[in-house]
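> Before I ask anything, let me first share the structure, which is written out below as structure tokens.
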Amino acid sequence: MYKGIDVSEHQGTIDWKRVKKAGCRFAVLRSIKRDGRTDSQFWANARGCYANDIPYAVYRYTYAVLPTEALEEAGQVIRLLQSQGKRSCRIWWDVEDKSLELLGREVLTGLIKTAENTITGAGYEFGIYTGQFFYDAGFFDAGAFECPMWVARYPVSRSFTFEENPPSEEYRPETRQPLFAWQYTSKGRIDGIDRTVDLDICYLPFWKTEKEYYLDAVFHGPSLSAALESIGVDGSFRHREDIAAANQIADYKGTAAQNTRLLKLLGTGNLLMP
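The numbering of the sequence shown is my numbering, which starts it at 915 and goes up by one.
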């Protein structure tokens, strides 16, 4: 059994070193908010996970009621991941908003498919997060998807500490697809987070096959241009000038010190692309 958490800016500033020490094996981070802006704690949470060797995926709560909106929502997450140089990641599509219940089964299924096609077309993995009620009610056609499901079901209303055992497996969510994880409470407590947090059990440990987070294993070569080209980015001097400017390195000359700084940003997933 692998225990982890999913978080957003609502958890405030997280001490990921303490979270790791508490036994957290994975995290799912909110990526984009409803207004299209990046979650204010995303970058800090991503850096904290990387620094403490906690593999992570991301989620996007969807409000899309039109195909164009689903495309834009998916595109926002893709651009965020690409901006940090993260080439492999599962994007969880959070399907639970009450407004979606009114769309009709076929329409909502089509909207989720639009997001899935956009995300997988960009080279990222796709999964659906929802609640057991939403899944069982058939607001979308779950049978139309083969992707993993991450399902919330809270059989016990009280709060849980991370160290406690979760509820009995008899309450485990039931899905026709592979069950990635069970979110068993929204009232969790873990050392390193001052506020309540969602707690999850993972049944499909993605980190065994998705070790390439934050470009840790993408590049081990001798030059910045080779590193950029290894992830499909133009490594020419002109483009490196633009990248340097985007990362607040003025008067880029391609010196060893400048390139080393950029390589460090790239290797930790913090390099901003123009």
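Glycine residues also receive a C-beta, built at the ideal position from the N, C-alpha and C atoms.
What you are looking at is a predicted structure, and each value in this text was computed from that prediction instead of being measured.
Report the partner residues of residue 1189 according to the DSSP bridge assignment.
Nothing about residue 1189 can be reported from this structure: the residues present for the chain run from 915 to 1188 only.
> Taking contact to mean at least 3 C-beta pairs separated by less than 8 Å, is the stretch 1025-1036 in contact with the stretch 942-956?
no
> Classify residue 1089 as helix, strand or coil using the three-state DSSP reduction.
coil
> What does DSSP give as the partner residue(s) for residue 1121 in the beta ladder?
Answer by DSSP bridge pairing: none, since residue 1121 is not bridged.
> By Cβ distance below 7 Å, which residues in the same chain neighbour residue 1032 in space, the five residues on each side in sequence not counted?
985, 988, 989
> Compute the Euclidean distance between the alpha carbons of residue 1190 and residue 1040, then round it to the nearest angstrom.
Residue 1190 is absent from the structure shown; the chain starts at 915 and stops at 1188.
> Just reading off the beta strand (DSSP E) that residue 941 is part of, what are its end residues?
It spans 941-944 - the beta strand (DSSP E) in which residue 941 sits, taken as one unbroken run.
> Going by C-alpha distance, which of 1052, 971, 1036 is nearest residue 1121?
971
> Pick helix, strand or coil for residue 921, following the three-state DSSP scheme.
The answer is strand: DSSP assigns residue 921 an E or B state.
> Evaluate residue 976 with the Cβ neighbour count: other Cβ atoms within 10 Å of its Cβ, from every protein chain shown; 16 or more gives buried, anything less gives exposed.
buried
> Could you tell me whether the stretch 1104-1118 touches the stretch 1152-1171, using the rule of 3 or more Cβ pairs below 8 Å?
no
> Is it buried or exposed, residue 1020, if we count other Cβ atoms within 10 angstroms and call 16 or more buried?
It counts as exposed.
> Beta carbon of residue 991, beta carbon of residue 1042: below 8 Å?
no
> Quick one: Cα of residue 1186 to Cα of residue 969, how far?
21 Å
> With a cut-off of 8 Å on the beta carbons, I'd call residue 1106 and residue 930 a contact; round off their distance for me.
7 Å
> What separation, rounded to the nearest whole angstrom, lies between the Cα atoms of residue 949 and residue 994?
14 Å
> Express the C-alpha separation of residue 1172 and residue 1163 in angstroms, rounding to a whole number.
Their Cα atoms are separated by approximately 8 Å.
> Once DSSP output is grouped into helix, strand and coil, what is the label at residue 1132?
In this prediction, residue 1132 scores a pLDDT of 36, lower than 50, which makes its location untrustworthy; the coordinate-derived value is nonetheless stated afterwards. Residue state, collapsed to three classes: coil.
> Name the DSSP bridge partner or partners of residue 1074?
1102
> Quick one: Cα of residue 1093 to Cα of residue 1160, how far?
Rounded to whole angstroms, residue 1093 to residue 1160 spans 41 Å at the Cα level.
> Residue 1097 to residue 1066, Cα distance in whole Å?
4 Å
> Let me confirm a value: residue 1134 is counted as buried when at least 16 other C-beta atoms fall within 10 Å, else exposed. Which label applies?
With a pLDDT of 39 at residue 1134, under the threshold of 50, the modelled position of this residue cannot be trusted; read the value that follows with caution. Looking at its Cβ environment, which holds fewer than 16 other Cβ atoms inside 10 Å, residue 1134 is exposed.
> Would you call residue 999 buried or exposed, if buried means 16 or more other Cβ atoms sit within 10 Å of its Cβ?
buried
> For residue 923, I'd like the list of residues in its chain whose CB is within less than 6 Å of its CB, leaving aside the five on either flank, ordered along the chain.
953, 954, 955
> Could you check whether residue 1059 and residue 1091 sit closer than 8 Å to each other, using their CB atoms as the reference points?
yes
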